[in-house]
Amino acid sequence: MDIDERLQDYAEQVSSPHEPLLAELSDVTARELGSPQMLSGPVAGRLLELLVWIAQPRRVLEIGTFSGHGTLSMAAGLPPDGRIDTLELDAKRAAVAQSYFDRSPWANRITIHVGPAGESIDALEGEFDFVFLDADKTGYVDYYEAVVPRLSQHGLIAADNTLHGGGVLDDGDVIDAFNRHVAADPRTAQVLLTVRDGITLIRRV
61 MDIDERLQDY
71 AEQVSSPHEP
81 LLAELSDVTA
91 RELGSPQMLS
101 GPVAGRLLEL
111 LVWIAQPRRV
121 LEIGTFSGHG
131 TLSMAAGLPP
141 DGRIDTLELD
151 AKRAAVAQSY
161 FDRSPWANRI
171 TIHVGPAGES
181 IDALEGEFDF
191 VFLDADKTGY
201 VDYYEAVVPR
211 LSQHGLIAAD
221 NTLHGGGVLD
231 DGDVIDAFNR
241 HVAADPRTAQ
251 VLLTVRDGIT
261 LIRRV
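Quick note on numbering: this note's numbering labels position 71 of the sequence shown as 131, and the sequence is numbered without any gaps.
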């Protein structure tokens, strides 16, 4: 184990652990859907919860539900009138997520939309107060361009996996292209946090 992995383990040890429902969801995800590395995990999940708790968004948009771990993490930080629209292309993943939403205290505040994310974004009306971007990496620039004009005055985007497992240091990496696209955009200000696989926070200026 190298030092980076040990530090990741340490961060998890001293961060608040999974709630029991999220711990169960993590196990079910690994067993039934595979790709457990796609889960937000307890550290990133707690970060999302705290960001939502600080921002107090009434309307959250999540692009890329997977099994709903990030969704439920954010739901725990919602204000009383907050709700989440979450977008997922894969019906099997959406069904797993919905089954855990239904068991949570926030079932009536989460709506999952199954289908291409771009079409779902276009079908939703109004502004977004908080956007969590964690879908197909080749679509990041398009999703970004779709939501930036629709951010509320104090709206925030959190884009996940913006270190791309270190791939951002390689020529032609799709997430490096996204990062540089955002960095060159005069409409926004951003910071890349080296939490887990990187989370970039973006706001309009």
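Cβ coordinates follow ideal geometry from the N, Cα and C atoms, glycine included.
With a contact defined as Cβ atoms closer than 8 Å, A135 and I144 qualify at about 6 Å. For V207, the uninterrupted alpha helix (DSSP H) segment begins and ends at 200-207.
Measuring C-alpha to C-alpha distances from G128 to each of G225, K197, G105, D64 identifies G105 as the nearest. Excluding five sequence positions before and after Y200, the CB atoms of its chain that fall closer than 8 Å to its own CB belong to L193, A219, V234, I235, F238, given in chain order.
Taken in chain order, the complete beta strand (DSSP E) segments of 3 or more residues contained in the region 78-150 are 119-123, 143-148.
Apart from sequence neighbours up to five positions away, the residues of its chain that approach A177 with a beta-carbon distance below 6 Å are I123, L147, A195, ordered along the chain. With at least 16 other beta carbons inside 10 angstroms of its own, K197 counts as buried. Note on geometry: alpha-carbon atoms of V103 and W113 lie some 15 Å from one another.
Residue state for D189 is assigned as strand, using DSSP reduced to three classes.
Counted as a single uninterrupted DSSP element, the beta strand (DSSP E) harbouring H214 occupies residues 211-220. Counted as a single uninterrupted DSSP element, the stretch harbouring R247 is not any beta strand (DSSP E), since DSSP gives it neither H nor E. V228 sits in a helix when the DSSP states are folded into three classes.
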